[in-house]
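J.: Here it is, the structure in full.
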Amino acid sequence: MKNKITSSILFLVPLFIFGQTINNFDSEPSPDYWSHEISENADSTLSYVNVSHVTDPVSEGAGAMQLDYSAHNIEAWGGYAKIFHMLGGGDDEPGSPVGGAWKLSPEAGALKVGPGVDDGSWWANSLEDVTTRACYFDDEYVFNADGSFNNVLQDTTWLETWQGVTADGCGTPVAP
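Just so we're on the same page, the numbering used here is the position in the sequence shown counted from 1, plus 2.
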């Protein structure tokens with residue numbers, strides 16, 4: 003039994019280590035590879051993203067990126083500091099694996115909210131929701147070849163009371 007546990011651990015450790023690798027970091031990525039922004043009203047001394055690259059060789063190479071960040075805002079809703087990777091337009095590779103128009107799959111569980119990936123234990127749409135929210139399931143999420151994004155809401159989309167309507171339901175899009 004002890005050998006099985008030891009073997010399992012030795013087998014899983016490399017998976018966890020390699021699972022964290024985004025690139026091999028042999029060289030510093032181009033400046034448009036990563037980006038960041040903070041809320042407009044954020045205090046720059048309390049809300050920041052500092053990007054630097056490790057200059058000495060480490061396990062993943064000399065181009066490993068280091069991020070120091072903090073999100074602390076005076077905005078009532080909390081504000082943000084976000085870090086993101088640009089896919090598409092900034093790449094040298096032709097085409098993008100996510101390029102094109104996407105729609106939600108019209109099936110139960112297409113939308114899920116929960117504590118983990120693919121976990122709808124807090125909320126998930128039902129098959130009935132697919133019909134009720136048909137105006138939402140026909141919306142398109144378009145990833146263009148130049149790296150830009152369009153949210154195409156058609157003539158109607160699903161609206162909720164926090165958007166200023168009297169009841170949840172299909173209606174004329176509030177934005178964009």
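Every residue gets a Cβ at the ideal spot worked out from N, C-alpha and C, and that includes glycine.
If you drop the 5 nearest sequence neighbours on each side, which residues of the same chain put their C-beta closer than 6 Å to that of G91?
T.: Reliability fails at G91, whose pLDDT of 46 lies under 50, so the model's placement of it is uncertain and the value that follows must be treated cautiously. Contacts found: D148 and G149.
J.: Pairs of beta-carbons, one from the stretch 105 to 114 and one from the stretch 151 to 162, closer than 8 Å: are there three or more?
T.: Segments in contact, no.
J.: Quick one: is L160 buried, meaning 16 or more other Cβ sit within 10 Å of its Cβ, or exposed?
T.: In the sequence as displayed, the identity of residue 160 is Trp instead of Leu. By the neighbour-count rule (16 or more Cβ atoms within 10 Å), W160 is buried.
J.: Can W124 and V115 be called in contact, C-beta distance under 8 Å?
T.: Cβ distance < 8 Å, so W124 and V115 count as in contact.
J.: Look at the alpha carbon of E142 and the alpha carbon of I7, and state the distance between them as a whole number of angstroms.
T.: Their backbone Cα atoms lie some 48 Å apart in a straight line.
J.: Give me the residue from C172, F139, T163 and G101 with the minimum Cα distance to S107.
T.: The option with the nearest alpha carbon to S107 is F139.
J.: Give me the residue from P175, T133 and V144 with the minimum Cα distance to G2.
T.: As shown, the chain starts at 3 and ends at 178. That puts residue 2 outside it, with no answer to give.
J.: In the structure shown, what three-state DSSP assignment does A136 receive?
T.: In the structure shown, A136 sits in a helix (DSSP, three-state: H, G or I).
J.: Whose C-alpha, out of Y50, T163, D70 and C172, is nearest the C-alpha of D131?
T.: Considering only alpha carbons, the answer is C172.
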